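Enquirer: Pasting a structure here, questions to come.
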Amino acid sequence: MGLLVLMQTATGLLQRKSGKRIDVEMKRWREYGLGQFIHWGVYAIPGGQWKGKTSTYAAEWFRTSGLIIQNEYDNLYKQFNPTAFHAEQWAKQAKQMGARYLIFTTKHHDG
Numbered sequence: 001m002g003l004l005v006l007m008q009t010a011t012g013l014l015q016r017k018s019g020k021r022i023d024v025e026m027k028r029w030r031e032y033g034l035g036q037f038i039h040w041g042v043y044a045i046p047g048g049q050w051k052g053k054t055s056t057y058a059a060e061w062f063r064t065s066g067l068i069i070q071n072e073y074d075n076l077y078k079q080f081n082p083t084a085f086h087a088e089q090w091a092k093q094a095k096q097m098g099a100r101y102l103i104f105t106t107k108h109h110d111g
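Structural data, given as structure tokens:
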């Protein structure tokens, strides 16, 4: 039993060190091919600008850029109201470009 645990641990370490997962779920995910990740969080509201200043950071880094007070950023969600969002249209367009999956990331580097 101890040898089996040691072998599994060693295999796991080698797997992580190489940076490639070889488990069934990862294999299936890789077979999907092209996919689309959409980063759409509260950082879309200021659009890289705050109180007349433009950020040099990517949108998802806006909270940590120092351009906005964190408390103000953390309250932007109250303004997030995507009334012109059409999920079916976005999915159709992703499918037309060959994407087999679509993932929304609403919170990334912003904490």
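To convert, note that position 91 of the sequence shown is 91 in full-length UniProt numbering; the numbers rise steadily by one, no gaps. Every residue gets a Cβ at the ideal spot worked out from N, C-alpha and C, and that includes glycine. Model, not experiment: these values are computed from the prediction.
#1: Using DSSP bridges, identify the partner residues of Phe104.
#2: My output table needs one value for Thr54: the three-state DSSP class, helix, strand or coil.
#3: Tell whether a beta-carbon distance below 8 Å holds between Ala94 and Gln49.
#4: Taking only the alpha-carbon atoms, compute the straight-line gap between Glu88 and Gln96 and give it to the nearest angstrom.
#5: Is Asp110 closer than 8 Å to Tyr43 when the C-beta atoms are compared?
#6: Can you tell me whether Phe62 is buried or exposed, with buried defined as 16 or more other CB within 10 angstroms of its CB?
#7: Name the two residues that bound the continuous alpha helix (DSSP H) containing Glu31.
#8: Could you tell me which whole alpha helix (DSSP H) segments of length 4 or greater appear in the region 68-94?
#9: Would you mind working out which of Trp29, Met26, Pro82 sits nearest Gly41, comparing C-alpha positions?
#10: Between Thr105 and Ile38, how many whole angstroms is the CB-CB distance? I'm expecting something under 8 Å.
Expert: Let me spell this out:
#1: Answer is Ile38.
#2: Thr54: strand per DSSP, three-state reduction.
#3: No, Cβ-Cβ distance for Ala94 and Gln49 is not below 8 Å.
#4: Each residue's alpha carbon lies about 12 Å from the other.
#5: Remark: C-beta atoms of Tyr43 and Asp110 approach each other more closely than 8 Å.
#6: It is buried - the Cβ of Phe62 has at least 16 other Cβ atoms within 10 Å.
#7: Counting along the chain, the alpha helix (DSSP H) containing Glu31 begins and ends at 24-32.
#8: Entirely contained in the region 68-94, the alpha helix (DSSP H) runs reaching 4 residues are, in chain order, 70-74.
#9: Ranking Trp29, Met26, Pro82 by Cα distance to Gly41 puts Pro82 first.
#10: Rounded, the Cβ-Cβ distance is 7 Å, consistent with contact.
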